[in-house]
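First residue of the sequence shown? That's 301 in the working numbering, and the numbers climb one at a time after it.
Ideal Cβ placement from N, Cα and C applies to all residues, glycine included.
These notes concern the structure reproduced below.
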Amino acid sequence: MKRILGPLDKRKKTSRCQACAKRRIKCEGGEPCVYCTRTGKVCQQQPVEETAVRFVVARAAAPATSSSLPAQIIKQADIVYLDYFKTFIQRFNITLDFGSVGDDLVPLVGNSVALRHVAVAIGALEASRRGSITPPGRQSPRLVAFTAYGSSIQALQRQISTDKLAYGEDMLWGTFLLGVFERMTREAYLQLLAGTSADGWAKHMVSGTSYLLQLSGPDQPMPSLRQKLFDGFRVLEVYRSVLYGVPTFLSQQPWLDVYHQGTPQCDDAEENRPLEAMLQLLLRASSFALRIEQTPEAFRPHDPVLDTIAIEGLELEQEMIRWLDYSPYGRAVESPCLRVTIINWHATRLFHHLNFSYYSCWEFRTIPMLQQYEIDLHVNSILQESDTVISDGIIPGIMLLFPLRMAGACATDNLVVQKIMGILGRVHHTGFIVSDLIKADIQALWMHKLFLNQGGGAADDMWTKSTSSMSGSF
């Protein structure tokens, strides 16, 4: 093999022919060499390696544009938003088991267009709330959220029109999660109220999920995933019934039986029993105002129906008081689930009081009434416990809207009202923009109270109108 010599190397340049190099022997030189002459081979020199330096002109590559990216890479944004969706579900602990449904929903999200779109919508909204950075050329997370929200509604409408899998798990979860999305965005909720009737499919969690659950019936065994949905839906539906002052199918006996057979919502049965009892008390309390309104005002002072209502109201009040005997309220309340239950107990006492104190037809009857110091105690307890729940961040702020609304209805001090507004503002920052509507309702009610205190007129229908307006907020 050719030996490369430096410019100052005084040695002779020597080389072997191809035959000698192949045999790895010394080539004697000459042409042909001694070895090739003796063996009769063709004596050929090895090719000379070129050692000169070559200069190559390099050109910078043109920068890639977003339009040149493959479509499947752009779609990776959906995966990011689905991760945000799973994060949201993990902290949406309306029941203790609900936060664990994220992994169970993965197969449904992968197979259902409508459910996938609403999952992306919630995930994008969560990303927007957390200040996610939008890469150049991409849509903002908030725009993605509303686009996916609209796509999910369209997909559900197509699914309904074709009557395929109308009672499937994906349809149930799709309608439920659309309702959750609408409570996270004020724009979607206002569009919802402006563009549809109460009986339409657009009120997704109210009409859609309720309708599908009733179609499947209370006697059908519930798979684990549907049971978790039913437990979560039940909590929010009870709140809705209380705020609207309207009956709910959950108060029917067949569904009450399902209610008792549901999966535990707290860590153990001891904690679960008070929560179950609390939800039933809320359901029963929501029926009194409606029953009173069904009696013509002129007949109320002497109608025996109202005698019965007054007696039942007192009985329910005693049940609320006895509830403390079966609750863990006497010991330190460390479980977030129990803490929310206690908050709702205070709110239910206030709600039950307002349902009776508003009407003036009880002159010769004994009704559930709270003294002012008792009202103040319930209001302060709601504020104290709600502040702890928001600080812990384990229970979603939507669970506090009804209690805070009751505290706002009964507050008599401006400082207390400002504390309520502050907690509602923190609920807003946890992702539930619908709290702004509760704030506006409390502000209007407080201004009305100030007007009355200044001699502006009689409190004609303050509680009824306020209850009617706040009902749309949930």
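- The three-state reading of DSSP puts residue 594 in coil, since its state is none of H, G, I, E or B.
- Burial is judged here by how many other beta carbons sit within 10 angstroms of a residue's own beta carbon; residue 508 has at least 16 and is buried.
- In the DSSP assignment, residue 548 falls outside any alpha helix (DSSP H) and carries neither an H nor an E.
- The three-state reading of DSSP puts residue 317 in strand, counting E and B together.
- Around the C-beta of residue 461, fewer than 16 other C-beta atoms lie within 10 Å, and the residue is accordingly described as exposed.
- One Cα belongs to residue 621, the other to residue 748, and the distance between them is close to 32 Å.
- Ranked by Cα distance from residue 383, the first of 342, 425, 397 and 474 is 425.
- In this structure, residue 679 sits near residue 707, with a CB-CB distance shorter than 7 Å.
- Residue 345 has 317 as its beta-bridge partners, per DSSP.
- Counting along the chain, residue 674 sits inside the alpha helix (DSSP H) bounded by residues 672-692.
- Spatial neighbours of residue 530 in its own chain (CB-CB distance under 8 Å, excluding positions within 5 residues in sequence) are listed in chain order as 513, 522, 558 and 562.
- Nearest Cα to residue 730 within the set 701, 718 and 744: 701.
- Between the C-alpha atoms of residue 694 and residue 428 there is a straight-line separation of about 20 Å.
- Counting C-beta pairs with one atom in each stretch, the stretch 666-683 and the stretch 707-721 have three or more that are closer than 8 Å, which means they touch.
- In this structure, DSSP gives residue 711 a state outside helix and strand, which the three-state scheme calls coil.
- Judged by DSSP in its simplified three-state form, residue 663 adopts coil rather than helix or strand.
- The distance from the Cβ of residue 452 to that of residue 418 is about 4 Å, consistent with a contact at the 8 Å cut-off.
- Rounded to the nearest angstrom, the gap between the Cα atoms of residue 469 and residue 704 is 33 Å.
- Excluding its 5 nearest sequence neighbours in each direction, residue 519 has C-beta neighbours in its own chain below 8 Å: 554, listed in chain order.
- Ranking 616, 580, 682 and 543 by CA distance to the CA of residue 741 puts 543 first.
- When only Cα atoms are considered, residue 615 and residue 510 end up about 30 Å apart.
- In this structure, the alpha-carbon of residue 400 lies about 8 Å from that of residue 389.
- In this chain, the alpha helix (DSSP H) harbouring residue 462 covers 441-462.
- Excluding five sequence positions before and after residue 719, the CB atoms of its chain that fall closer than 6 Å to its own CB belong to 683, given in chain order.
- If you check the CB distance, residue 455 and residue 414 come in under 7 Å.
- The beta carbon of residue 652 is closer than 6 Å to those of 585 and 668 in its chain, skipping five residues each way along the sequence.
- Between residue 335 and residue 321 a beta carbon distance of about 11 Å is seen, past the 8 Å cut, so the two are scored as non-contacting.
- Taking residue 659 as the centre and dropping the five residues before and after it, the same chain places the C-beta of 592 and 600 closer than 8 Å to its C-beta, in chain order.
- Straight through space, the alpha carbons of residue 326 and residue 345 are spaced by roughly 14 Å.
- A straight-line Cα-Cα distance of about 23 Å links residue 681 and residue 396.
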